[in-house]
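For reference, the structure is listed below as structure tokens.
Now the structure itself:
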């Protein structure tokens with residue numbers, strides 16, 4: 003690869019979390035280029051645009067969640083797959099990096115490999131092959147040259163399942179611990195003033211709609227039984243904040259709605275406990291040291307597919323810790339009385355709360371990658387993979 007020429011990277015992100023990772027990767031690629039020009043093209047959202055990406059099309063065209071939504075928009079999504087593939091082939095970058103959103107990005111990668119087999123392909127964020135459809139790992143070998151894993155157990159899973167080379171690069175939350183963890187005095191002792199309680203019903207409309215009723219009723223039950231005052235805060239994704247405000251206005255305990263990351267993480271640093279939907283937020287809460295109860299409900303079609311899941315917990319923090327201190331209430335178990343009873347166990351100084359706090363203290367050692375940052379390690383491997391341009 004000629005060092006005098008620009009390093010050309012093609013990134014494909016399909017949702018907000020991938021957009022965040024892509025923006026961090028763009029910064030790290032430039033920081034590690036040693037003065038060499040880095041030219042990035044592809045598909046991304048607002049954060050990647052802030053780093054200079056002119057997205058091939060709006061990322062919202064492919065940011066679909068739920069099987070029904072994907073089926074309804076299938077013609078448009080398929081059209082965007084072929085458009086992206088054609089653009090990659092025309093640009094002939096030094097490397098392609100597909101970021102999460104495997105239904106879309108892997109469809110792109112397979113077709114790029116067939117049409118331009120010399121272009122190396124890196125998969126940033128492993129699909130959950132360790133949880134369901136494990137055969138995907140072996141199938142990926144034909145079109146992915148390296149997997150950048152966010153979870154420490156994923157490289158071993160890919161090796162066991164015959165997947166591509168896989169490196170744990172660290173979770174991006176490692177780079178944000180200062181935002182997650184309270185300064186001295188920022189989180190009051192439990193019982194010293196109101197109970198600071200978080201409620202996090204999800205970041206997608208379908209999640210929030212399904213969890214609003216059981217969460218609201220559970221919080222009402224907790225209010226009736228808790229001996230002190232409760233200050234309830236709900237960090238909302240900005241584009242759904244107005245809908246969430248309307249949905250929660252009739253709750254027995256009405257939350258304070260906060261918007262944006264700065265207010266969200268400030269609420270985390272104050273919080274004593276949380277009721278949360280399953281997702282990355284459980285890892286954020288664990289790293290912040292906030293005991294939690296986790297719940298989730300999906301639609302009937304998604305439920306049929308999720309019965310193929312092979313892991314015994316869906317709580318990301320439990321999976322990373324390799325133990326299950328966090329209780330989870332899924333589908334028919336997601337009932338107000340059960341949620342309220344579980345919350346009562348973590349909002350007082352009891353064994354269940356203590357077990358979670360002790361487990362969270364072990365997370366740093368489990369997730370550590372040393373001195374290198376997750377985005378820096380990812381950028382280094384992307385650059386190294388580009389040197390192995392296929393013949």
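Numbering (the working numbering), first residue to last: 3 to 393.
Virtual Cβ for every residue (Gly too), placed ideally from N, Cα, C.
Predicted model, so just to flag it, every value in this text is computed and none were measured.
Going by beta carbon distance, what residues of the same chain come within less than 8 Å of residue i, once the five residues before and after it are set aside?
{"i": "residue 238", "result": "246, 247, 259, 260, 261"}
{"i": "residue 155", "result": "132, 321, 322, 324"}
{"i": "residue 378", "result": "30, 33, 34"}
{"i": "residue 207", "result": "242, 245"}
{"i": "residue 55", "result": "13, 24, 28, 42, 43, 44, 46"}
{"i": "residue 93", "result": "10, 12, 43"}
Can you list, in chain order, the residues of its chain with a C-beta nearer than 7 Å to that of residue i? Leave out the 5 residues immediately preceding and following it.
{"i": "residue 351", "result": "192"}
{"i": "residue 16", "result": "61, 64, 65, 102, 103, 106, 107"}
{"i": "residue 257", "result": "201, 234, 235, 236, 250"}
{"i": "residue 299", "result": "212, 213, 333, 336"}
{"i": "residue 89", "result": "58"}
{"i": "residue 315", "result": "321, 326, 330"}
Going by alpha carbons, who is nearest to residue i out of the options?
{"i": "residue 82", "options": "94, 57, 97", "result": "57"}
{"i": "residue 79", "options": "160, 88, 101, 106", "result": "106"}
{"i": "residue 295", "options": "220, 363, 28", "result": "220"}
{"i": "residue 62", "options": "263, 48, 53, 52", "result": "48"}
{"i": "residue 231", "options": "217, 198, 251", "result": "198"}
{"i": "residue 336", "options": "353, 208, 279", "result": "279"}
{"i": "residue 136", "options": "207, 161, 112, 212", "result": "161"}
{"i": "residue 285", "options": "99, 233, 134, 318", "result": "318"}
{"i": "residue 129", "options": "168, 53, 55", "result": "168"}
{"i": "residue 371", "options": "8, 177, 338, 119", "result": "177"}
{"i": "residue 87", "options": "118, 77, 75", "result": "118"}
{"i": "residue 264", "options": "315, 180, 173", "result": "180"}
{"i": "residue 227", "options": "189, 347, 369", "result": "347"}
{"i": "residue 18", "options": "93, 240, 195", "result": "240"}
For residue i, which residues of its own chain have a beta-carbon under 6 Å away from its beta-carbon, when the five flanking residues on both sides are left out?
{"i": "residue 305", "result": "Confidence in residue 305 is poor, its pLDDT being 48 and thus under 50, which makes the residue's placement too unreliable to answer from."}
{"i": "residue 307", "result": "Since pLDDT at residue 307 reaches only 45, below the 50 mark, its modelled position is unreliable, and the value read off the structure follows with that caveat. Correct list: empty, nothing qualifies."}
{"i": "residue 380", "result": "27, 150, 171"}
{"i": "residue 287", "result": "276, 294"}
{"i": "residue 50", "result": "21, 24, 25"}
{"i": "residue 273", "result": "198, 200, 292"}
{"i": "residue 360", "result": "none"}
{"i": "residue 327", "result": "357, 358, 361"}
{"i": "residue 8", "result": "39, 41"}
What does the Cβ neighbour count give for residue i, buried or exposed, with the cut at 16 atoms within 10 Å?
{"i": "residue 266", "result": "buried"}
{"i": "residue 170", "result": "buried"}
{"i": "residue 11", "result": "buried"}
{"i": "residue 96", "result": "buried"}
{"i": "residue 329", "result": "buried"}
{"i": "residue 376", "result": "buried"}
{"i": "residue 358", "result": "buried"}
{"i": "residue 364", "result": "exposed"}
{"i": "residue 37", "result": "exposed"}
{"i": "residue 388", "result": "buried"}
{"i": "residue 289", "result": "buried"}
{"i": "residue 147", "result": "buried"}
{"i": "residue 175", "result": "buried"}
{"i": "residue 120", "result": "exposed"}
{"i": "residue 158", "result": "exposed"}
{"i": "residue 368", "result": "exposed"}
Please state whether the Cβ-Cβ distance between residue i and residue j is less than 7 Å.
{"i": "residue 40", "j": "residue 31", "result": "yes"}
{"i": "residue 165", "j": "residue 142", "result": "yes"}
{"i": "residue 281", "j": "residue 255", "result": "no"}
{"i": "residue 145", "j": "residue 115", "result": "yes"}
{"i": "residue 345", "j": "residue 224", "result": "yes"}
{"i": "residue 152", "j": "residue 127", "result": "yes"}
{"i": "residue 110", "j": "residue 14", "result": "yes"}
{"i": "residue 384", "j": "residue 42", "result": "no"}
{"i": "residue 253", "j": "residue 204", "result": "no"}
{"i": "residue 395", "j": "residue 229", "result": "In this structure the chain extends from 3 to 393, so residue 395 is not present and cannot be described."}
{"i": "residue 390", "j": "residue 122", "result": "yes"}
{"i": "residue 341", "j": "residue 270", "result": "no"}
Looking at the strands, I want to know which residues DSSP matches up with residue i.
{"i": "residue 123", "result": "98"}
{"i": "residue 259", "result": "236"}
{"i": "residue 332", "result": "298"}
{"i": "residue 44", "result": "13"}
{"i": "residue 169", "result": "150"}
{"i": "residue 110", "result": "Beta-bridge pairing links residue 110 to no other residue."}
{"i": "residue 199", "result": "234, 275"}
For residue i, is the beta carbon positioned less than 6 Å from some heavy atom of the ligand GTP?
{"i": "residue 297", "result": "The ligand content of the structure shown is nil, which means the ligand GTP is not present either."}
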